[in-house]
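Novice: Just dropping this structure here.
Protein chains: 2
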Amino acid sequence: MKVSITLPTPPSRDYEIIIDELPSIEIEGKAAIVTNPKVAGLHLQRLLQSVKAKELYIVTIPDGEEYKTMETIEFMLDRFFDHRLDRKSTLIAFGGGVIGDMTGFAASIFQRGIDFIQIPTTLLSQVDASVGGKTGINNRFGKNLVGAFHQPKAVYIDTFWLNTLPKREFSAGIAEIIKMAVMFDADFFDWLEKNDLYEDSNLKEAIKRSVELKARVVNEDEKEKGVRAVLNYGHTFAHVIENFSGYGSYLHGEAVAIGMVMANDLAQEFGYFSTDESERVKELLKKYNLPVSYSIESAEKFYDQFFLDKKSHDNKITFIIPENIGKYKMLSSPEKESVIKVLKKFEKAEGF
Amino acid sequence: MKVSITLPTPPSRDYEIIIDELPSIEIEGKAAIVTNPKVAGLHLQRLLQSVKAKELYIVTIPDGEEYKTMETIEFMLDRFFDHRLDRKSTLIAFGGGVIGDMTGFAASIFQRGIDFIQIPTTLLSQVDASVGGKTGINNRFGKNLVGAFHQPKAVYIDTFWLNTLPKREFSAGIAEIIKMAVMFDADFFDWLEKNDLYEDSNLKEAIKRSVELKARVVNEDEKEKGVRAVLNYGHTFAHVIENFSGYGSYLHGEAVAIGMVMANDLAQEFGYFSTDESERVKELLKKYNLPVSYSIESAEKFYDQFFLDKKSHDNKITFIIPENIGKYKMLSSPEKESVIKVLKKFEKAEGF
Numbered sequence: 001m002k003v004s005i006t007l008p009t010p011p012s013r014d015y016e017i018i019i020d021e022l023p024s025i026e027i028e029g030k031a032a033i034v035t036n037p038k039v040a041g042l043h044l045q046r047l048l049q050s051v052k053a054k055e056l057y058i059v060t061i062p063d064g065e066e067y068k069t070m071e072t073i074e075f076m077l078d079r080f081f082d083h084r085l086d087r088k089s090t091l092i093a094f095g096g097g098v099i100g101d102m103t104g105f106a107a108s109i110f111q112r113g114i115d116f117i118q119i120p121t122t123l124l125s126q127v128d129a130s131v132g133g134k135t136g137i138n139n140r141f142g143k144n145l146v147g148a149f150h151q152p153k154a155v156y157i158d159t160f161w162l163n164t165l166p167k168r169e170f171s172a173g174i175a176e177i178i179k180m181a182v183m184f185d186a187d188f189f190d191w192l193e194k195n196d197l198y199e200d201s202n203l204k205e206a207i208k209r210s211v212e213l214k215a216r217v218v219n220e221d222e223k224e225k226g227v228r229a230v231l232n233y234g235h236t237f238a239h240v241i242e243n244f245s246g247y248g249s250y251l252h253g254e255a256v257a258i259g260m261v262m263a264n265d266l267a268q269e270f271g272y273f274s275t276d277e278s279e280r281v282k283e284l285l286k287k288y289n290l291p292v293s294y295s296i297e298s299a300e301k302f303y304d305q306f307f308l309d310k311k312s313h314d315n316k317i318t319f320i321i322p323e324n325i326g327k328y329k330m331l332s333s334p335e336k337e338s339v340i341k342v343l344k345k346f347e348k349a350e351g352f
Numbered sequence: 001m002k003v004s005i006t007l008p009t010p011p012s013r014d015y016e017i018i019i020d021e022l023p024s025i026e027i028e029g030k031a032a033i034v035t036n037p038k039v040a041g042l043h044l045q046r047l048l049q050s051v052k053a054k055e056l057y058i059v060t061i062p063d064g065e066e067y068k069t070m071e072t073i074e075f076m077l078d079r080f081f082d083h084r085l086d087r088k089s090t091l092i093a094f095g096g097g098v099i100g101d102m103t104g105f106a107a108s109i110f111q112r113g114i115d116f117i118q119i120p121t122t123l124l125s126q127v128d129a130s131v132g133g134k135t136g137i138n139n140r141f142g143k144n145l146v147g148a149f150h151q152p153k154a155v156y157i158d159t160f161w162l163n164t165l166p167k168r169e170f171s172a173g174i175a176e177i178i179k180m181a182v183m184f185d186a187d188f189f190d191w192l193e194k195n196d197l198y199e200d201s202n203l204k205e206a207i208k209r210s211v212e213l214k215a216r217v218v219n220e221d222e223k224e225k226g227v228r229a230v231l232n233y234g235h236t237f238a239h240v241i242e243n244f245s246g247y248g249s250y251l252h253g254e255a256v257a258i259g260m261v262m263a264n265d266l267a268q269e270f271g272y273f274s275t276d277e278s279e280r281v282k283e284l285l286k287k288y289n290l291p292v293s294y295s296i297e298s299a300e301k302f303y304d305q306f307f308l309d310k311k312s313h314d315n316k317i318t319f320i321i322p323e324n325i326g327k328y329k330m331l332s333s334p335e336k337e338s339v340i341k342v343l344k345k346f347e348k349a350e351g352f
């Protein structure tokens, strides 16, 4: 005997990203703002002027990637139950990527899923984490290995918060913007070369274009079975760099900047990228004080590290490289010799 | 500035429930069977004859509702990472409701969601938990408060496993079957009166009809915003009974049986149910040795307890009652006096 279970099409999960001064936000039910002590100290007062809810609670969690754990999720859930949030309540993520990823994950499992709103306060989370619905935590096996796909109800991007952002973190966000341009949009890259992102109106425009590009990718491949992997341009190298340098010596965006330079060299090695293009990308990264050089101790060791990454179990590796500026290419398991040849160039630090 | 995010329609989550001798199951990637030591001891050997996978692991977790916690989920996830399961791996839930709920929840958050298959081994989980996609765990605030909606890829219901099920647990499963008939299907109720569920072919038929009814409800209201609440017929009373008696003195299905009798009395009080109908339901419950009487110490205290349940925050309560056999009615915040009047009848134990 057999029963066929037909499930309803889930309601639309479409939402809007508002890139503007924070509008006033009215929430029908109860709400909890999740933030960390630093962001709260700097900006909570301003946020509270804009948020209205039936009941509003503030939950702060410790700042930093090392607290992106199930333990912190449980702490958050306990607070939500203490405050008697219910299925109609809304969470508001107010902070950087860690706050966004964890608040989204908590929202996805609290009473089997409630709404959440993103108010990202770092440039990186504004251009990156605010689109795509990836939420999660780290564990001892790696980063973001436990989580859910859970889309926000809305994202509010206000560049005002960035005024208190350390310069290095601002630049790390720019690296992700440049990444999007190199992979998907030659016009945008040209525009970035000509316009100064320290200028607020330009920055807003760049965020918008970046977010639009990411939205297109996510729309095509929400669950990362294909093209979404392109967003990892520079990341394969960056992960190894972060591993070797110890997390914390480079910001993620800085490691990605170096990783892009390496990926570009690999693209050149295979004839997909010109010296001129490599130089243009480097120049743009340098304009925002992003690192473009790195000293590899041993090319062989660096290479081996690709395969120790928990996510590649089968000794295969795909490099995401540009095919000229504005197009991507997936390079599946290139010959070791070619990769080593590229890595060897970094065996002694290049000058800036 | 504004960016509209349009998300793709998720792939169909439709699936089939096979009510038959377990067929052979071939899984392309890696798989892990999640079970408990008791079920494993009794039935794992038989299951293993039917399951083929690229790599197959067995993960056992302790038996019992008290282990339905985030701690056990983390234990499970750690084992999956130890065994290097990946995004293409499949979990197989092999056990009762606790195993199903937890395996489903773990599947929903492992690497942001992987497939899982249900092989329920208790009657209750075969008729109830196998449809609907509710997964989750308990915490100190209550039952099933943390979790996800995550649909299985397939459900295999084999009544063979029930041969080792204690009689009381078998009956507790029957209670849920009777519940479905009273709420939704007068013909099915008639059929249940005439056919003996200790007979395997009848049992299969009853499981099928029960599952079909539940599937219809879930299709209409997956996220429990309306009609799905009807499945709580008897449960409002049952939760109070379970609270007062301490979890464990009654099986859930037993408490639901008493709860149905109480709900029927309430329906009678409001003129929606006849004495004859009440008797018919009682007779059917008694046929399967389910309790139909209960001694309430104080009707007032019992009543107050409805509102201490964490899920009703606003002093409103909806009772699910039958409107004749085969139709449901939602009775929103009936006058206290009427409810007390019904409860008072239980203040001294009725005889069987």
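From first to last, the protein sequence lines stand for chains A and B.
Under UniProt numbering, think of the first position of the first sequence as 1, with each following residue one higher.
Under UniProt numbering, think of the first position of the second sequence as 1, with each following residue one higher.
Heads up, the beta-carbon is just placed ideally off N, CA and C, and yes, glycines get one too.
These figures come from a predicted structure and were not determined experimentally.
Can B/Ala263 and B/Ile325 be called in contact, C-beta distance under 8 Å?
Specialist: Cβ distance not < 8 Å, so B/Ala263 and B/Ile325 don't count as in contact.
Novice: Should B/Leu145 be flagged as near chain A, meaning a C-beta pair shorter than 8 Å?
Specialist: So yes, B/Leu145 belongs to the interface.
Novice: Does chain A have any CB closer than 8 Å to the CB of B/Val34?
Specialist: Cβ-Cβ to chain A under 8 Å: no for B/Val34.
Novice: For B/Tyr198, count neighbouring C-beta atoms within 10 Å of its own C-beta (all shown protein chains included) and say buried if the count is 16 or more, exposed if not.
Specialist: The residue in question, B/Tyr198, is exposed, as its Cβ has fewer than 16 Cβ neighbours within 10 Å.
Novice: Under a three-way DSSP split, which group does B/Gln151 fall into?
Specialist: If DSSP states are grouped into helix, strand and coil, B/Gln151 belongs with coil.
Novice: How would you call A/Lys310, buried or exposed, if buried means at least 16 neighbouring beta carbons within 10 angstroms?
Specialist: Residue placement at A/Lys310 is flagged as unreliable, the pLDDT there being 49, under the threshold of 50; a coordinate-derived value is accordingly withheld.
Novice: Below 8 Å, how does it come out for the region 155 to 167 of chain B and the region 230 to 250 of chain B: are there three or more Cβ pairs, yes or no?
Specialist: Because the criterion of three Cβ pairs below 8 Å is not met, the region 155 to 167 of chain B and the region 230 to 250 of chain B do not touch.
Novice: For B/Phe273, name the three-state secondary structure that DSSP assigns.
Specialist: Coil, per DSSP.
Novice: Give the secondary structure of B/Phe80 by DSSP, where H, G and I count as helix, E and B as strand, and everything else as coil.
Specialist: Helix.
Novice: Using a Cβ-Cβ cut-off of 8 Å, state whether B/Arg112 counts as contacting chain A.
Specialist: Closer than 8 Å to some Cβ of chain A, the Cβ of B/Arg112 qualifies, so yes.
Novice: According to the Cβ coordinates, are A/Asp99 and A/Thr35 closer than 8 Å?
Specialist: Looking at the sequence itself, residue 99 of chain A is Ile, so the reference to Asp does not match. For A/Ile99 and A/Thr35, yes; Cβs fall inside 8 Å.
Novice: Just to confirm my understanding: we take B/Tyr15, look at its own chain, exclude 5 residues before and 5 after, and list those with CB closer than 8 Å. What are they?
Specialist: These residues qualify, in order along the chain: Gln151, Pro152, Lys153, Ala154 and Val155.
Novice: So within the region 17 to 76 of chain B, which uninterrupted alpha helix (DSSP H) runs reach at least 4 residues, ignoring any that extend past its ends?
Specialist: The region 17 to 76 of chain B contains these whole alpha helix (DSSP H) runs: 37 to 48.
Novice: Pick helix, strand or coil for B/Gln118, following the three-state DSSP scheme.
Specialist: Strand, per DSSP.
Novice: Within the chosen definition, does the region 278 to 298 of chain B reach the region 250 to 267 of chain B through at least 3 CB pairs nearer than 8 Å?
Specialist: Short answer: they touch.
Novice: Is it true that the region 269 to 289 of chain A meets the region 172 to 191 of chain A, where meeting means three or more beta-carbon pairs spaced less than 8 Å apart?
Specialist: Contact between the region 269 to 289 of chain A and the region 172 to 191 of chain A is present, because at least three Cβ pairs lie under 8 Å.
Novice: Tell me the residue span of the beta strand (DSSP E) that contains B/Phe319.
Specialist: Thr318 to Pro322 is the span of the beta strand (DSSP E), which, as asked, contains B/Phe319.
Novice: Should B/Ser4 be labelled buried (16 or more other beta-carbon atoms within 10 Å of its own) or exposed?
Specialist: By the 10 Å Cβ count, B/Ser4 comes out exposed.
Novice: If we count the other Cβ atoms within 10 Å of its Cβ and call it buried at 16 or more, is A/Asn315 buried or exposed?
Specialist: Exposed: under 16 other Cβ atoms inside 10 Å.
Novice: Excluding sequence positions up to five away, which residues of its chain have a Cβ less than 8 Å from the Cβ of B/Met76?
Specialist: Answer for B/Met76: Val34, Val59, Ile61, Met102, Thr103 and Ala106, listed in chain order.
Novice: Roughly how many angstroms separate the alpha carbons of A/Phe86 and B/Leu343, rounded to a whole number?
Specialist: For the record, residue 86 of chain A in the displayed sequence is Asp; it is not Phe. Distance between the alpha carbons of A/Asp86 and B/Leu343 is about 29 Å.
Novice: B/Gly95 bridges to which residues according to DSSP?
Specialist: B/Gly95 pairs with B/Pro120.
Novice: Take the Cβ of A/Ile340 as the centre, count every other Cβ of all protein chains shown within 10 Å, and call the residue buried at 16 or more, exposed below.
Specialist: It is exposed - the Cβ of A/Ile340 has fewer than 16 other Cβ atoms within 10 Å.
Novice: Give me the Cα-Cα distance between B/Gly132 and A/Lys38, rounded to the nearest whole angstrom.
Specialist: When rounded, the distance between both Cα atoms is 42 Å.
Novice: What are the boundary residues of the alpha helix (DSSP H) that includes A/Ile5?
Specialist: Note, A/Ile5: premise wrong, no alpha helix (DSSP H); beta strand (DSSP E) at Lys2 to Ile5.
Novice: Would you say the region 117 to 135 of chain B touches the region 70 to 84 of chain B, given that touching needs at least three Cβ pairs under 8 Å?
Specialist: In short, these stretches do not touch, since the Cβ pair count stays below three.
Novice: By Cβ distance below 6 Å, which residues in the same chain neighbour B/Lys214 in space, the five residues on each side in sequence not counted?
Specialist: Excluding sequence neighbours, B/Lys214 sits near Val131.
Novice: Applying the 10 Å Cβ sphere with the 16-neighbour rule, what's the burial state of A/Phe307?
Specialist: Under this definition A/Phe307 is an exposed residue.
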